[in-house]
Amino acid sequence: QQVYLNGEYLPLADAKVSVLDRGFLFGDGVYEVIPAYKGRLFRLEDHIARLNNSLAGIRLPLAHSVAEWEAIFRPLLADDGRDQYIYLQITRGWAPKRDHAFPQQTTPTVFAMSADIQPFPGRSEGIEAITLDDTRWQLCDIKAITLLANILLRQEAVDRGCAEAILVKNGYVIEGAASNVFAVIDGELITPPKGHDILPGITRDVILELAEAHRIPYREDIIALEALQQASEVWVVSSTREIVPVVALDGAAIGDGKPGPLWQRMDQLLQAYKNSLS
Ligand code: PLP
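Per the UniProt record's numbering, the very first residue in the sequence shown carries number 3; after that it's consecutive.
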C-alpha cells in the first residue's frame, strides 16, 4: 500500500516519522477522515473547511486549496471503484528540543493514507449504547489527534458490550465518542447545536440538509438525557458508520427496540444522495 508523507508517495512500511515529532510527543496535531464512494471524494470542500478550522484552532498555518488536497489524495485511492476513506493527519512537525511551547520554526508533518470502508454491521440491525460523562476537553470542535478521552470512553462502551458511548454533560446529550447524536422526539428529528462541545460532523450536516429538502421536521436543540431515554428513535452518525440506529440505551430499549421508520427513511435518502454524486 502506497501512502503519502511530506510530499512523497511511498510504501506504508517505509513511511517513518521522527520520535521527536510533536504528534508523537504531545498529540499536537489534527486529522480528517474523508469518505470516497466509488472513487469520488464525498463533500471534500466541507472536510477541507473543517480541517482549516481545526488548523486555525491549533494555530498551525498550512494552506492548501481543495484542488491541491484532492491532487494529494487522488493517487491513494483504488481505481476499482470500491468505497474507501482518506485518513489525513497533520502535526506541528519535528523539533530538536521537547518543549510545550511552539518551536520557532516548524515544518508540519503531513500524512495521508486510504483504507477500505467496511460495512458496519450495526447499521441495519441497530446497536446498544451506554451513556457516559463527557470527560473530554473544552474544544471538541477541533478534530484533534489527542483522542485519549474518546478512546477510554469508547473502550468502556465496548467492555460493556456496546458499540458506542453517548456523552453527557450537565445532564444534556453532547455527541458520541466518535459520532454525532440524533433523536426522534414527538416525530421531530433533533440534534444538539454546533459549538465548542461537539465536532461539527459532515454526516450531521448532510442529514439536516436531507431533512430540509424532504420536509422532515427537524430542530437543532439541546437534548436532556431523560428526553433521549424517552425518544422513539436515537441514531449515532459518522462518515465511516453512516446512520446507525441505537436500539438500546443503558440496557433499556429505545422505542420498540428495533430500528425505527425515520431511520429507515433517512438511510434510504442518504444512500440515494451518495449514489446521485457518483
Ligand atoms: N464526533 C466525533 C467526536 C467524531 O470523532 C466524529 C467522527 O469520527 C463525528 C462526530 C462525526 O463526524 P463526521 O460525520 O464528519 O465523520
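Each residue gets a CB set at the ideal place from its N, CA and C atoms; glycine is no exception.
Computed from a predicted structure; not experimentally measured.
- Burial state of V175 is buried, judged by a 10 Å Cβ sphere holding 16 or more other Cβ atoms.
- Residue range 46-59 is occupied by the alpha helix (DSSP H) that includes G59.
- Residues E222, D223, I224 of the same chain have their beta carbon placed closer than 8 angstroms to that of P195, with the five preceding and five following residues left out of the count.
- For V248, the shortest C-beta to heavy atom distance toward the ligand PLP is 7 angstroms or greater.
- Cβ-Cβ separation between N172 and I200: approximately 14 angstroms, too far for a contact (criterion under 8 angstroms).
- Annotation for T205: the continuous alpha helix (DSSP H) segment containing it runs 204-215.
- Inter-segment contact for the region 240-256 and the region 212-221 is absent: fewer than three beta-carbon pairs are separated by less than 8 angstroms.
- The residue among Q266, G262, V208, A250 with its C-alpha nearest the C-alpha of K276 is V208.
- Exclusion of L279 from the 7 angstroms shell around the ligand PLP follows from its C-beta lying no nearer than that to any non-hydrogen atom of the ligand.
- The three-state reading of DSSP puts P247 in strand, counting E and B together.
- In the displayed model, P121 falls within coil according to three-state DSSP, outside both helix and strand.
- Across the set H66, L64, S126, the C-alpha of S126 shows the shortest separation from the C-alpha of Q273.
- Per DSSP, the beta-bridge partners of F184 are W237.
- When the beta-carbon positions are compared, G128 and T111 stay at least 8 angstroms from each other.
- Under the 10 Å beta carbon count, S278 is surrounded by fewer than 16 other beta carbons and is classified as exposed.
- Counting along the chain, P37 sits inside the beta strand (DSSP E) bounded by residues 31-39.
- Spatial neighbours of E130 in its own chain (CB-CB distance under 6 angstroms, excluding positions within 5 residues in sequence) are listed in chain order as C164, A250.
- Of all alpha-carbon atoms in A226, I168, E47, I187, the one lying nearest the alpha-carbon of A69 is that of E47.
- Only buried fits W237, as 16 or more other CB atoms lie within 10 angstroms of its CB.
- Judged by DSSP secondary structure, L264 falls within the alpha helix (DSSP H) whose first and last residues are 263-279.
- In this structure, S56 has its beta carbon at no less than 7 angstroms from each heavy atom of the ligand PLP.
- Under DSSP, Q3 shares a beta bridge with no residue.
- Relative to the ligand PLP, A213 has its C-beta separated by 7 angstroms or more from all heavy atoms.
- By the C-beta density criterion, L150 is exposed, having fewer than 16 other C-beta atoms within 10 angstroms.
- In summary, T205 is buried, with 16 or more beta-carbon neighbours lying within 10 Å of its beta-carbon over all protein chains present.
- Annotated three-state conformation of W96 is strand, per DSSP.
- One thing to note: Y89 has its Cβ within 8 angstroms of the Cβ of A114.
- P202 and L62 have their alpha carbons spaced roughly 19 angstroms apart.
- By the criterion of a C-beta distance shorter than 8 angstroms, N54 is surrounded in its chain by A65, once the five residues flanking it on both sides are discounted.
- R221 sits in a strand when the DSSP states are folded into three classes.
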